[in-house]
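Here the sequence shown is numbered in UniProt numbering, starting from 1 and rising by one per residue.
All C-beta atoms, glycine included, are put in the ideal place defined by N, C-alpha and C.
Computed from a prediction, not measured in an experiment: that's the story for all the values here.
Below is one structure; the comments refer to it alone.
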Amino acid sequence: MDSFKRGAIARYLDGGETPRFGELSKLLPVFLVVATIVFLYVQYFFLHCLRLLQWDVPDSLRDAAGIRRGSWQLGVFHGITVLLLYCLLRCLLTFPGGIPDGQGWELQNEAAPSPVDGEMKSVPLTEKKTSGERRHCKWCLKYKPDRCHHCRVCNICVLRMDHHCPWVYNCIGFRNHKYFILLLIYSAVDLIFISSTMFESVWWSTRLDVNPALMLSLLFAECFACFLCTVNCLFLGFHGWLTVKAMSTLEFCEKSMKCLFGSQSFG
């Protein structure tokens, strides 16, 4: 395990075979995610929370119940959002895990086998080639353990690879899968909280003579939050089902492809 950690950390610090953020075009989905978070934050804070806190209303005319609602909603919203941003950064920056360097994993010349190779061949493996030999990566020139796959976007072999996520510009694998699931959970909780609490301000804007631009902004933010909440909850439910089945996204896709096109190999 120590050698695995050293190899993974060393490969992460080296940045793999290509720079980690070498192609800015692939960061566009990340910028879109950040822009969405900023948009919903601005809408919720300035159009909903500040209305309840009534900072622009004289003290004698303020509604105490509204201030209490605004205070606890603002606190809960910021708490969930901080957790969401932390998990987003960890998904973005955490190395997903790779095949360690050193003997036993390097693809050796069959004419001069390493003594460690004999020990590694005795390790029980579930995933093998059709010939019964150990799987290896033709790009990284290393033997692959179970559930390890090569990502052509990141240009590395990822341990227990779930999928490559363009929204965080990283592979979801052994070391950051937890943060990915937590990101989905906190996103769902945050969106449910925004949708349920901001509806009060949307209803308020339709009952009083308010600026049409304010009403449309609240209505658009509420609909946008509800839409994202629905999509995120469905995605979270899918990954929850995969977790219960002890299956990765790649394994689910491979199984689905085999059901459609037969038992031929797709990897």
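Who are residue i's beta bridge partners in DSSP?
i             : result
cysteine 165  : Asn170
glutamate 106 : Lys142
Using the three-state DSSP reduction, which class does residue i fall into: helix, strand or coil?
i             : result
isoleucine 99 : coil
cysteine 87   : helix
alanine 111   : In this predicted model, alanine 111 has a pLDDT of only 42, less than 50, meaning its place in the structure is not dependable; the value taken from the coordinates is given anyway. Alanine 111 falls in the coil class under three-state DSSP.
cysteine 154  : coil
glutamate 23  : coil
glutamate 133 : coil
aspartate 63  : coil
valine 116    : The predicted model places valine 116 with a pLDDT of 46, which falls under 50 and marks its position as unreliable, so this point remains unresolved.
glutamate 251 : helix
valine 76     : helix
threonine 81  : helix
leucine 93    : helix
leucine 47    : helix
Can you give me the start and stop residues for the beta strand (DSSP E) that residue i sits inside?
i             : result
cysteine 140  : Per DSSP, cysteine 140 belongs to no beta strand (DSSP E) and is neither H nor E.
histidine 150 : 149 to 151
Assuming residue i and residue j are in contact, meaning their beta carbons sit under 8 Å apart, how far apart are those beta carbons, in whole angstroms?
i              : j              : result
serine 256     : methionine 161 : Not confirmed; about 17 Å, so no contact.
valine 168     : valine 30      : 7 Å
valine 202     : leucine 216    : In fact, because the Cβ distance is near 10 Å, the residues do not count as touching under 8 Å.
isoleucine 194 : leucine 40     : 6 Å
residue 270    : leucine 84     : No answer is possible for residue 270: the residues shown for the chain start at 1 and end at 267.
tyrosine 143   : histidine 136  : 5 Å
alanine 225    : leucine 183    : Contact flag wrong, Cβ pair sits at about 17 Å.
threonine 206  : glutamine 73   : That belief does not hold up - the Cβ atoms of threonine 206 and glutamine 73 are roughly 20 Å apart, past 8 Å.
List the endpoints of the continuous alpha helix (DSSP H) containing residue i.
i              : result
aspartate 190  : 177 to 207
asparagine 232 : 212 to 244
tyrosine 41    : 28 to 42
arginine 51    : 50 to 53
Judging by CA-CA distance, which residue of the options is the nearest neighbour of residue i?
i                 : options                        : result
phenylalanine 211 : Leu47, Cys226, Arg62           : Looking at the sequence shown, residue 211 is not phenylalanine but asparagine. Of the candidates Leu47, Cys226, Arg62, the one whose C-alpha sits nearest the C-alpha of asparagine 211 is Leu47.
asparagine 170    : Cys91, Ser71, Asp56, Leu61     : Cys91
phenylalanine 235 : Ala188, Phe95, Gly79, Leu93    : Ala188
glycine 97        : Thr206, Phe174, Leu214, Ala213 : Phe174
arginine 147      : Phe21, Trp139, Ala246          : Ala246
tryptophan 139    : Thr197, Pro166, Arg152         : Arg152
leucine 89        : Cys233, His177, Val244         : His177
glutamate 254     : Leu191, Ala35, His163          : His163
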